[in-house]
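Since the structure comes first, as structure tokens, the remarks are kept for the end.
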Ligand SMILES: [Ca+2]
């Protein structure tokens, strides 16, 4: 059986491939053709798999476990404090999983992590919510710098998040910008939720 079809719980389209393959088993003459197409089916099924934060090039995520702060914390049963974005858990489901941050809806919400010392940051990886509200991260700014004045909003800009798909993993290149603080902020009236923020760089 095609092992790449196991993770089909997130999107029905991935699961729907199974009955088709079962039919092919009943008709051996067409099995060879089916197996020739399996790599393509695997790619299609991949879109339905649970996404994970991926360390790039075996680098160390220097943000994990570091002190983190945010503009406010949305009152809920899920304890959505700033540290949830650096807890090493990339689950994208805010509801019930207790591993995403969440501010109140406010003007220019911000979140930042203190790396403890200066790093030349190569990239920042942001995991979005899988269960709701991908649009809220549209235009979120990723900034790196040495100052917490204005919560890092005045530090140099690496880039902005453009992928608003649910559960998106956005990799923002910082091209070696040096800084101790990495800030995520959305310059409009909105709430900010982050399920994980990974920072890669060298000291
Ligand atoms: Ca998390």
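Numbering (the numbering used here), first residue to last: 79 to 281. Glycine is no exception: its CB is placed at the ideal position from the N, C-alpha and C atoms. On a predicted model such as this, the values are computed, not experimentally measured, just so you know.
- In this structure, residue 199 places its C-beta atom within 9 Å of the C-beta atom of residue 252.
- The residues 242, in chain order, have a CB closer than 6 Å to that of residue 216 in the same chain once the five nearest residues on each side in sequence are set aside.
- Taking 8 Å as the cut-off, one finds at least one heavy atom of ligand 1 near enough to the beta carbon of residue 163.
- Burial is judged here by how many other beta carbons sit within 10 angstroms of a residue's own beta carbon; residue 221 has at least 16 and is buried.
- DSSP places residue 175 in the helix class (H, G or I) of the three-state scheme.
- At a Cβ-Cβ threshold of 9 Å, residue 190 and residue 230 count as neighbours.
- Linking residue 237 to residue 154 through their CA atoms gives a straight-line distance of about 30 Å.
- Contact between residue 140 and residue 277 holds: CB atoms are separated by about 5 Å, below the 8 Å threshold.
- Listed in chain order, the beta strand (DSSP E) runs fully inside the segment 164 to 251 are 188 to 205, 219 to 223 and 235 to 238, counting runs of at least 3 residues.
- The DSSP-derived three-state label of residue 266 is coil.
- Per DSSP, residue 277 is one residue of the beta strand (DSSP E) stretching across 274 to 280.
- Not one heavy atom of ligand 1 falls within 8 Å of the beta-carbon of residue 139.
- Of the candidates 213, 258 and 156, 258 places its Cα closest to the Cα of residue 197.
- Contact between residue 249 and residue 177 fails: their C-beta atoms lie close to 20 Å from each other, not under 8 Å.
- When rounded, the separation of the alpha-carbon atoms in residue 212 and residue 148 is 19 Å.
- At a cut-off of 8 Å, the beta-carbon of residue 177 counts as near ligand 1: some heavy atom of the ligand is closer than that.
- Residue 281 and residue 169 do not touch by the CB rule: their CB atoms are close to 29 Å apart, not below 8 Å.
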